[in-house]
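What follows is a single structure, written as structure tokens, with notes after it.
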DNA sequence: CTGAAAGCGCTTACAG
DNA sequence: CTGAAAGCGCTTACAG
């Protein structure tokens, strides 16, 4: 592979001059520029990003550590992140933690070793020593979706409180009283917040959330199945299951179906996070939709602000309830069943 | 951030010695090793991967360029790739082409600039000059899923011919005669192969595949909707739509539902690529399942073989038909409706 | 406008 | 076993 030396030789100039034209430094003669460009063409020269990074101490790369790529929510988030980063001249390297703190640390470490310019994290846990060290060491960082309390890092996330209240109101209107939740890990903010919001909203309606109706999941399908099985084995099973993410909702559907039960007749179901498939499931699933793309873009902007020396801002966007048929009656307000979340 | 010099100073040795203990070079005294380890601990030193790469001319990184991260098939593929790569001591950087040749080239270029050790590609098109150049220049490369004909690069893929024959047989058995396909881009191998396999299988049953029943899609949901609308507008619409990937099947479901029609009563549907949601759609979708994880792992092994100087092998695995209810009668052989593809 | 030179943080023959 | 030195491919003050 041709190096800058080869280009310099071919163009009859010094490597400094080649570097200057490559970096569009103004003080290069038109003639020199010409010859360098020609040599670059001829040799098919491409600057070695590794060498450049070593020299300039910047990689123009962002690290994104997400909890689970297989979760469509995070996939969409990752896509938006990459898109916005590309627009701002950055690449992004994705690390998939698979909801495992050890894997998360592995990726953070690898990313740090590669000297990425900044880190976007959706923490799988309450904050490992490694993560905390990275913050303390001054690594530009921004949390997306989930965050670690007590740490001085901007957070870009959706607030689902209102939407959860809307959901509970919707459920009460349909006559449901025994509501259960499949929660995410308590160590994650989204894990605990969604339960809290649910419990608080229920309280407003004078409904208790008994422990038996609070299942501990891990945001993955398997736990959704397990917890749902537990609910269904109860002497008095709940009338509604609210899954704190779409994968656990999938697991819940698996479990319900395995028993030959029907949604919503035998048991109602709702989920946090909306995905295109929820329109086509049997029945269509009522869900709380996050502005996922906007979250990803805002997170990148905050991180790049931080990297480039501008003050980064935390951002909180609203989530919203999308009523479908999985809790009972279809929403009378919904104009067409195929309508997609476009707003 | 501490550098190797700092460690050397703290340990009272030269940087060469530090480097040796870091790389587990045998000829280091126990004493020196001891002191270096301690210094590394104290300083929280982590070697700069950028500098190491520049020096050793290897990044221990694989590039993976896929056509669409939002497609669950590719997400799963990417996950398997990362897993196997990690097991073999490599990181992977994913580039999402979004089915756009220009974006694909962008990522290939970026990856090459970063001097990744090898490239895993599922080409969006028939092969851009850039891609061809990269092959010619000797970049270790392996194609996964899709490939570029006439290029000397190992291919790891699933052969869907048999499964498509099984599908067509299944459709005929159910009495369907007018079968239509939503094809992928003709420039992709999977785009053309699936149509060919479908047409050939139909021919065996004496069925023609008229042009009107061959819709041109691009593997994305929008095209599935458009093509399906076209089919449904035909004076004599097909009885079955076979979508060449799961996203176009989603689009087809959207379009069918928008007209208030029902699957399979009004029109039957089948898809290439199986995803967990197909179990829960209304109705459950008959699909051709690829051994996605195994493809990803085999592709990584082939690429790493190539990188490390061993002869890489092409791999072809079989896809298989998973019958559900979207084409008519449920499969009588299926023991339980929730059964997941585990084999 | 241009080039020689230093230096980014490593690794690795080469001597000792 | 150990260190001094060269060099990977760049960029960037510093002189001219």
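Residue numbers (UniProt numbering), protein chains in the order written: chain W, 1 to 343; chain G, 1 to 343.
Glycine included, C-beta positions come from ideal geometry on N, C-alpha and C.
These numbers were taken from a predicted model, which means no experiment stands behind them.
Rounding to the nearest angstrom, what Cα-Cα distance links residue 77 (chain G) and residue 18 (chain G) in this structure? As a position in the second chain, residue 77 (chain G) is number 77, starting the count at 1. As a position in the second chain, residue 18 (chain G) is number 18, starting the count at 1. Going from the Cα of residue 77 (chain G) to the Cα of residue 18 (chain G) covers about 39 Å.
Which residue comes first and which comes last in the alpha helix (DSSP H) that contains residue 133 (chain G)? On the second chain, position 133 is the one that residue 133 (chain G) refers to. First-last of the alpha helix (DSSP H) with residue 133 (chain G): 129-136.
The region 56-63 of chain G contacting the region 112-131 of chain G, beta-carbon criterion three pairs below 8 Å: Yes, the region 56-63 of chain G touches the region 112-131 of chain G.
Looking at C-alpha atoms only, which residue of G:320, G:86, G:73, G:240 is the closest neighbour of residue 103 (chain W)? The count along the first chain starts at 1 and reaches residue 103 (chain W) at position 103. For residue 103 (chain W), the nearest C-alpha among the options comes from G:86.
Go to residue 159 (chain G), then tell me how far its beta strand (DSSP E) extends in each direction, as first and last residue. Here residue 159 (chain G) refers to the residue found at position 159 when the second chain is read from its first residue. Looking at the DSSP string, the run of the beta strand (DSSP E) that includes residue 159 (chain G) is 155-159.
Chain G beta carbons: is any one of them nearer than 8 Å to that of residue 46 (chain W)? Within the first chain, the letter at position 46 stands for residue 46 (chain W). So yes, residue 46 (chain W) belongs to the interface.
Starting from the beta carbon of residue 93 (chain G), find every residue of chain W whose beta carbon is closer than 7 Å, and list them in chain order. For the purposes of this step, residue 93 (chain G) is taken as residue 93 along the second chain, with counting starting at 1. Near residue 93 (chain G) (Cβ distances below 7 Å), the residues of chain W are 93.
For chain W, is any of its Cβ atoms less than 8 Å away from the one on residue 274 (chain G)? Working through the second chain from its first residue, we reach residue 274 (chain G) at position 274. Residue 274 (chain G) does not count as touching chain W.
C-beta neighbour in chain W for residue 79 (chain G), strict 8 Å: For the purposes of this step, residue 79 (chain G) is taken as the residue at position 79 of the second chain. Interface residue, yes.
Cβ distance (whole Å) where residue 292 (chain G) is taken to contact residue 270 (chain G) below 8 Å: Here residue 292 (chain G) is taken as the residue at index 292 of the second chain, counted from 1. Here residue 270 (chain G) is taken as the residue at index 270 of the second chain, counted from 1. Not confirmed; about 18 Å, so no contact.
Buried or exposed: which applies to residue 48 (chain G), given that a residue is buried once 16 or more other Cβ atoms fall within 10 Å of its Cβ? Taking the second chain and counting its residues from 1, one reaches residue 48 (chain G) at position 48. Buried is the call here.
Is residue 51 (chain G) close to chain W, meaning its C-beta is less than 8 Å from at least one C-beta of that chain? As a working mapping, residue 51 (chain G) is identified with position 51 in the second chain. Answer yes: the Cβ-Cβ gap between residue 51 (chain G) and chain W drops below 8 Å somewhere.
Taking residue 141 (chain W) as part of the beta strand (DSSP E), name the residues at either end of that continuous run. Translated into positions along the first chain, residue 141 (chain W) becomes position 141. Taken as a continuous stretch (DSSP letters only), the beta strand (DSSP E) holding residue 141 (chain W) covers 141-144.
Between which two residues does the alpha helix (DSSP H) carrying residue 152 (chain G) extend? Your numbering for residue 152 (chain G) matches position 152 in the second chain. Looking at the DSSP string, residue 152 (chain G) is not in any alpha helix (DSSP H), and its letter there is neither H nor E.
By how many angstroms is the C-alpha of residue 216 (chain G) removed from the C-alpha of residue 338 (chain W)? As a first step, residue 338 (chain W) is located in the first chain; it is residue number 338 there, counting from the start. As a first step, residue 216 (chain G) is located in the second chain; it is residue number 216 there, counting from the start. The pLDDT assigned to residue 338 (chain W) is 41, lower than 50, so where the model puts this residue is not dependable, and the model offers no usable value.
If you reduce the DSSP assignment to three classes, tell me which class residue 317 (chain G) lands in. Taking the first residue of the second chain as position 1, residue 317 (chain G) is located at position 317. Residue 317 (chain G): strand per DSSP, three-state reduction.
Please name the residue or residues paired with residue 95 (chain W) in a DSSP beta bridge. Within the first chain, residue 95 (chain W) is the residue found at index 95, counting from 1. Partner(s): W:65.
What does residue 69 (chain G) touch in chain W if you count any residue whose Cβ is under 7 Å from its own? Here residue 69 (chain G) refers to the residue found at position 69 of the second chain. Chain W residues near residue 69 (chain G): 75, 78, 79.
Hey, could you find the ends of the alpha helix (DSSP H) residue 181 (chain G) is sitting in? Residue 181 (chain G) sits at position 181 when you count from the first residue of the second chain. First-last for residue 181 (chain G): 179-183, but that is the beta strand (DSSP E), not the alpha helix (DSSP H).
For a contact defined as C-beta to C-beta under 7 Å, what are the partners of residue 110 (chain G) on chain W? If you number the second chain from 1, residue 110 (chain G) lands on position 110. Ordered by position in chain W, the residues that pass the 7 Å Cβ test against residue 110 (chain G) are 91.
Counting only the same chain and skipping the five closest in sequence on each side, list residues whose C-beta sits under 6 Å from that of residue 164 (chain W). The residue given as residue 164 (chain W) occupies position 164 in the first chain. Once the five neighbours on either side are set aside, the close Cβ partners of residue 164 (chain W) are 197, 198, 201.
Pairwise C-alpha distance: residue 30 (chain W) and residue 146 (chain G): Numbered from 1 along the second chain, position 146 holds the residue referred to as residue 146 (chain G). Numbered from 1 along the first chain, position 30 holds the residue referred to as residue 30 (chain W). Residue 146 (chain G) and residue 30 (chain W): Cα-Cα distance of roughly 45 Å.
Closer than 7 Å by beta-carbon distance: list the chain W residues that pair up with residue 96 (chain G), in chain order. Indexing the second chain from 1 puts residue 96 (chain G) at position 96. Near residue 96 (chain G) (Cβ distances below 7 Å), the residues of chain W are 79, 82.
May I have a chain-ordered list of the beta strand (DSSP E) segments no shorter than 3 residues that lie completely inside the region 252-293 of chain G? Within the region 252-293 of chain G, the beta strand (DSSP E) runs of at least 3 residues that lie entirely inside it are, in chain order, 268-272, 286-289.
Our contact map puts residue 180 (chain W) next to residue 143 (chain W) with C-beta atoms below 8 Å; I'd like the distance itself, whole angstroms only. One-based indexing of the first chain puts residue 180 (chain W) at position 180. One-based indexing of the first chain puts residue 143 (chain W) at position 143. In fact, because the Cβ distance is near 29 Å, the residues do not count as touching under 8 Å.
Identify, in the order they occur along the chain, each residue of the same chain with its Cβ nearer than 7 Å to the Cβ of residue 75 (chain G), setting aside the five sequence neighbours on each side. What you label residue 75 (chain G) is simply residue 75 of the second chain in a count that begins at 1. Closer than 7 Å at the Cβ level, and outside the excluded window around residue 75 (chain G), lie 69.
Between residue 253 (chain W) and chain G, is any beta-carbon pair separated by less than 8 Å? Position 253 of the first chain, counting from 1, holds the residue named residue 253 (chain W). Interface criterion met: the Cβ of residue 253 (chain W) is under 8 Å from a Cβ in chain G.
Neighbour-count burial assignment, residue 342 (chain G), 16 or more Cβ in a 10 Å radius: Along the second chain, one-based indexing puts residue 342 (chain G) at 342. Interpretation of residue 342 (chain G) is limited by its pLDDT of 36, a score under 50 that renders its predicted location unreliable; no figure is taken from the coordinates.
Kindly identify the DSSP beta-bridge partner or partners of residue 242 (chain W). Counting from 1 along the first chain, the entry for residue 242 (chain W) is found at position 242. DSSP, once it has assigned bridges, lists W:181, W:270 as partnering residue 242 (chain W).
Counting contacts by CB-CB distance shorter than 8 Å, is residue 281 (chain G) in contact with chain W? Position 281 of the second chain, counting from 1, holds the residue named residue 281 (chain G). For residue 281 (chain G), the answer is yes, since a Cβ of chain W falls inside 8 Å of its Cβ.
Cα-Cα separation between residue 170 (chain G) and residue 256 (chain G), rounded to whole angstroms: By 1-based counting over the second chain, the position of residue 170 (chain G) is 170. By 1-based counting over the second chain, the position of residue 256 (chain G) is 256. For residue 170 (chain G) and residue 256 (chain G), the distance between alpha carbons rounds to 22 Å.
How do the region 235-249 of chain W and the region 239-247 of chain G stand: do at least 3 beta-carbon pairs fall below 8 Å, yes or no? no
Closer than 8 Å is the cut-off here; do at least three beta carbon pairs connect the region 8-15 of chain W with the region 33-40 of chain W? yes
Outcome for residue 119 (chain G) when other beta-carbon atoms lying within 10 angstroms are tallied against a minimum of 16: Along the second chain, read from residue 1 onward, the residue named residue 119 (chain G) stands at position 119. Residue 119 (chain G) sits buried, since 16 or more C-beta atoms from the chains shown fall within 10 Å of its C-beta.
Measuring alpha carbon to alpha carbon, tell me which residue in W:127, W:229, W:111 is nearest residue 46 (chain G). Your numbering for residue 46 (chain G) matches position 46 in the second chain. For the residues W:127, W:229, W:111, the minimum Cα distance to residue 46 (chain G) belongs to W:111.
Mind checking residue 137 (chain W): buried by the 16 CB within 10 Å criterion, or exposed? The residue labelled residue 137 (chain W) in the question sits at position 137 within the first chain. Residue 137 (chain W) is exposed by the Cβ-count criterion.
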